[in-house]
Amino acid sequence: MSGAPLRTPDRQQSDLIGELVAVVGSDHVMTNPDDMAGRLKEDRGLFNGTAMAIVRPGSTAEVAACLRLCFAAGVAVVPQGGNTGLVGGGVPDGGVIVTTQRLNRIRAVDTTNATMTVEAGCILANIQAAADEVDALFPLSLASEGSCQIGGNLSTNAGGTAVLRYGNMRDLVLGLEVVLPDGRVLNDLGSLRKNNTGYDLRNLFIGAEGTLGIITAAVIKLFPKPTARATALVACDGPDAALALYARMRGSDADTLSTFEYIERLGLQMVVDHAPGCTDPMNEAHPAYCLIELTSGTAQAALDTRLQAALEAAFEAEEIADAVIGTSEAQKDALWALRENLSEAQKPEGASIKHDVSVPVSRVADFIQVAKAACVEHMPDLRPCPFGHFGDGNIHFNLSRPVDMADAVFLAEYATFNRIVHDIVHDMSGSISAEHGIGQVKRAELRRYKDPVALELMEQIKRTIDPAGLMNPGKVL
Ligand code: FAD
Numbered sequence: 117m118s119g120a121p122l123r124t125p126d127r128q129q130s131d132l133i134g135e136l137v138a139v140v141g142s143d144h145v146m147t148n149p150d151d152m153a154g155r156l157k158e159d160r161g162l163f164n165g166t167a168m169a170i171v172r173p174g175s176t177a178e179v180a181a182c183l184r185l186c187f188a189a190g191v192a193v194v195p196q197g198g199n200t201g202l203v204g205g206g207v208p209d210g211g212v213i214v215t216t217q218r219l220n221r222i223r224a225v226d227t228t229n230a231t232m233t234v235e236a237g238c239i240l241a242n243i244q245a246a247a248d249e250v251d252a253l254f255p256l257s258l259a260s261e262g263s264c265q266i267g268g269n270l271s272t273n274a275g276g277t278a279v280l281r282y283g284n285m286r287d288l289v290l291g292l293e294v295v296l297p298d299g300r301v302l303n304d305l306g307s308l309r310k311n312n313t314g315y316d317l318r319n320l321f322i323g324a325e326g327t328l329g330i331i332t333a334a335v336i337k338l339f340p341k342p343t344a345r346a347t348a349l350v351a352c353d354g355p356d357a358a359l360a361l362y363a364r365m366r367g368s369d370a371d372t373l374s375t376f377e378y379i380e381r382l383g384l385q386m387v388v389d390h391a392p393g394c395t396d397p398m399n400e401a402h403p404a405y406c407l408i409e410l411t412s413g414t415a416q417a418a419l420d421t422r423l424q425a426a427l428e429a430a431f432e433a434e435e436i437a438d439a440v441i442g443t444s445e446a447q448k449d450a451l452w453a454l455r456e457n458l459s460e461a462q463k464p465e466g467a468s469i470k471h472d473v474s475v476p477v478s479r480v481a482d483f484i485q486v487a488k489a490a491c492v493e494h495m496p497d498l499r500p501c502p503f504g505h506f507g508d509g510n511i512h513f514n515l516s517r518p519v520d521m522a523d524a525v526f527l528a529e530y531a532t533f534n535r536i537v538h539d540i541v542h543d544m545s546g547s548i549s550a551e552h553g554i555g556q557v558k559r560a561e562l563r564r565y566k567d568p569v570a571l572e573l574m575e576q577i578k579r580t581i582d583p584a585g586l587m588n589p590g591k592v593l
C-alpha cells in the first residue's frame, strides 16, 4: 500500500473532476445528471443511485491514474461494465463511476495455447464472435451477452447456459490484470495452465463485484468449436422426472451434454403469451419441460442418433411424455427462444420476487417441490415460476404475484419469501446466490447464511486490499 489516502473533506469536487479530465480528456468525463441517468440505476430499477461523475478511461494506465486521484481525494469508485447486473452491484451511492466501455480491444489471440487476451470492456458477444473467427469457441453464454462485458462477467463470476459443459467464468480464465484501489497495477495476466507459485490472487478478484479493484484485462480460454448440435424440448411430469432424465443423460451423454434447462408450464405459457414469434411446439400442455442440447465435433447424424436413442429410452422408462427434436437450425433456435425469452415474458404478468439459488444437483427436484409448497402455503394464489440451469443445480426460483394482487402489496412480502426460500436452500446445503452475486440486494442475507469464519476472512481481505473502503462501498460486505 502507498499509505492511507489524504482525506481532505474541504477539497473541491471540481478539483478532482478537473484532474480526471486532465487524465482522460473532457469528452470522457460526464457530470451532467441527465447524461449520467442511465448509469445510476440498473434494468430492474430496484436501486437508484447518485454519482459526482462518470469517467471513461481508455487504457489501463488511465484507469490507474483515475484510481490514484480518487484514492488521494478519498472519493469512492464504482466500476461499471455493461450495467446488466441484477443485484445493484454497479449502482453508486455517490463517488465516481469508472466505466470500462473504452477498454474494448482484443490484445492477442493464441490459437495454439487456446487463449485470447481481452480488455475488460469487450462485450461478451464480440468475444464469442472473435473466437468464432479463429474457428474456436468461447463458451460463456448469457441472455445479456449483447451488452454485458467480460470485466462484468469476471467480477460477477457469471454462469449462464453452458456451465454444465464448460464451467462458469472462474473456470474460463487463466490470467488477470487489475488496478488496485490505490492505483497500483497487479499484472497477473499469465496464460499458463500450470502455475503453482503461492496464493491464487486471481480468484480473489473474480466474483468480487468490484469491491477489490478494477479488472482491466484477462486471458480467457478457448475451446474447440462444436460442428454439430442436437437440441430437444422434452415434456415431463415435473422436477422428479426431470432429475431422472438428467441422470440418464449424464450416464449416456456426459461427454456431449451442454445444456439441461428446466421450465414449468406457467413459464412456457408466459413465453407463448408474451414473446413475439414464440409458439408451443407440442400439441398438449405438460407440467414441465427440459431444453436439452448435445454438442460435439462429430457428424450431425451421429449426434442426432445419440439424442434420439436417449430420449427413446427415457420415453420407455416413462420419464418423459413427449419430445420435439429440432431438425433445422431455425427449429433449434426456436426451441432456445422459449428459454431465452422467459425472464422478459414474466414482466407483463406483474411484479415477481426472484431468487437466484443453487443446491446440489441431486437435491434440485426436492428443492423445487419443497420451496413451491412452502411459498404457496404462505400465499395460496401465488404463481411460482421456477426455471433455469437445472443441470447446474441453479434454479431461478421466481414467484409471480397472484393475478388479482397489486404489485406493491405483493412486493411487501419480499423479505418473507426470501426467508422461506433461503432457509430451505440453506438446509439443503445450497447457496443464496448461484450466479448473479450479492451486490446490494443480498448483503444482509450473506451475513445470515455465510460461514462466520469465511465472512471474517473476506472482511480481512477487503481491509488489506482496500483499507480506505473506497472500492464499490456498500456492496457484498
Ligand atoms: P455490470 O452490471 O456493469 O457490473 C456487475 C458488477 O461487477 C458490479 O458490481 C460492478 O461494480 C462490477 N464490475 C463491472 N465491471 C468490472 C470491472 N472491470 N472490474 C471490477 N468490477 C467490475 N448472469 C449470469 O451469471 N447468468 C445468466 O444467465 C444471466 N442472465 C441474464 C439475463 C439478462 C436478461 C440480464 C439483464 C442479466 C443476466 N445476468 C446473468 C446478469 C448479468 O448479465 C451478469 O451478471 C453479467 O456478468 C454482468 O456484466 P456487466 O458487464 O453488465 O457488469
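Per the working numbering, the sequence shown starts with residue 117, numbered consecutively.
Ideal placement from N, C-alpha and C gives every residue a C-beta, glycine not left out.
Proximity of the stretch 289 to 299 to the stretch 178 to 192 meets the contact definition, three or more beta-carbon pairs being nearer than 8 Å. With the rule of 3 Cβ pairs closer than 8 Å, the stretch 356 to 374 counts as touching the stretch 405 to 418.
With contacts defined by Cβ atoms closer than 8 Å, residue 458 and residue 503 form a contacting pair.
Beyond the five residues adjoining it in sequence on each side, residue 209 comes within less than 6 Å, by CB distance, of 165 and 590 in the same chain, given in chain order.
A contact between stretches requires three or more CB pairs, one per stretch, nearer than 8 Å, and the stretch 384 to 404 meets this requirement with the stretch 446 to 465. In this structure residue 305 does not touch residue 331 by the C-beta definition: roughly 11 Å separates them, more than the 8 Å allowed.
In this structure, residue 259 has its beta carbon less than 7 Å from a heavy atom of the ligand FAD. Listed in chain order, the alpha helix (DSSP H) elements of length 4 or more contained wholly in the stretch 296 to 332 are 318 to 321. Per DSSP, residue 232 is one residue of the beta strand (DSSP E) stretching across 231 to 235. Taking a 10 Å sphere around the C-beta of residue 372, we find 16 or more other C-beta atoms and assign the residue as buried. For residue 379, the three-state secondary structure derived from DSSP is strand. Rounded to whole angstroms, the gap between the alpha carbons of residue 426 and residue 549 is 32 Å. DSSP, read as helix, strand or coil, puts residue 554 in coil.
Less than 8 Å divides the Cβ of residue 256 from the Cβ of residue 240. Residue pairing from DSSP places residue 345 in a beta bridge opposite 411. For residue 367, there is no enclosing beta strand (DSSP E); the residue is found in the alpha helix (DSSP H) stretching over 355 to 369.
Note: residue 514 is bridge-paired with 501 in the DSSP secondary-structure output. Beta-bridge pairing by DSSP links residue 253 to 339.
Not one heavy atom of the ligand FAD lies closer than 7 Å to the C-beta of residue 253. According to DSSP, residue pairing for residue 294 in a beta bridge involves 302 and 331.
Of the other Cβ atoms in all chains shown, fewer than 16 fall within 10 Å of the Cβ of residue 249; this residue is therefore exposed. Here the C-alpha atom of residue 476 lies approximately 10 Å from the C-alpha atom of residue 506. Counting the other Cβ atoms within 10 Å of the Cβ of residue 586 gives 16 or more, which makes it buried.
Residue pairing by DSSP places residue 265 opposite 239 in a beta bridge.
Taking the C-beta atoms as reference points, residue 152 is found no nearer than 8 Å to residue 138.
Residue 556 counts as buried, since no fewer than 16 other beta carbons sit within 10 angstroms of its beta carbon. Here the distance from the Cβ of residue 202 to the nearest heavy atom of the ligand FAD is below 7 Å. The alpha carbon of residue 510 has as its nearest neighbour, out of 471, 520, 494 and 498, the alpha carbon of 471. Taking the Cα positions, residue 415 is about 31 Å away from residue 233. In this structure, the straight-line span from the alpha carbon of residue 336 to that of residue 261 is close to 16 Å. Residue 166 sits in a strand when the DSSP states are folded into three classes. The DSSP-derived three-state label of residue 149 is helix. Contact annotation: residue 211 and residue 194 have beta-carbon atoms nearer than 8 Å. Look at residue 474 here: in three-state DSSP terms it is strand. A straight line joining the alpha-carbon of residue 324 with that of residue 170 spans about 21 Å. Scanning its chain for C-beta atoms nearer than 6 Å, with the 5 sequence neighbours on each side dropped, one finds around residue 144 the residues 172, in chain order.
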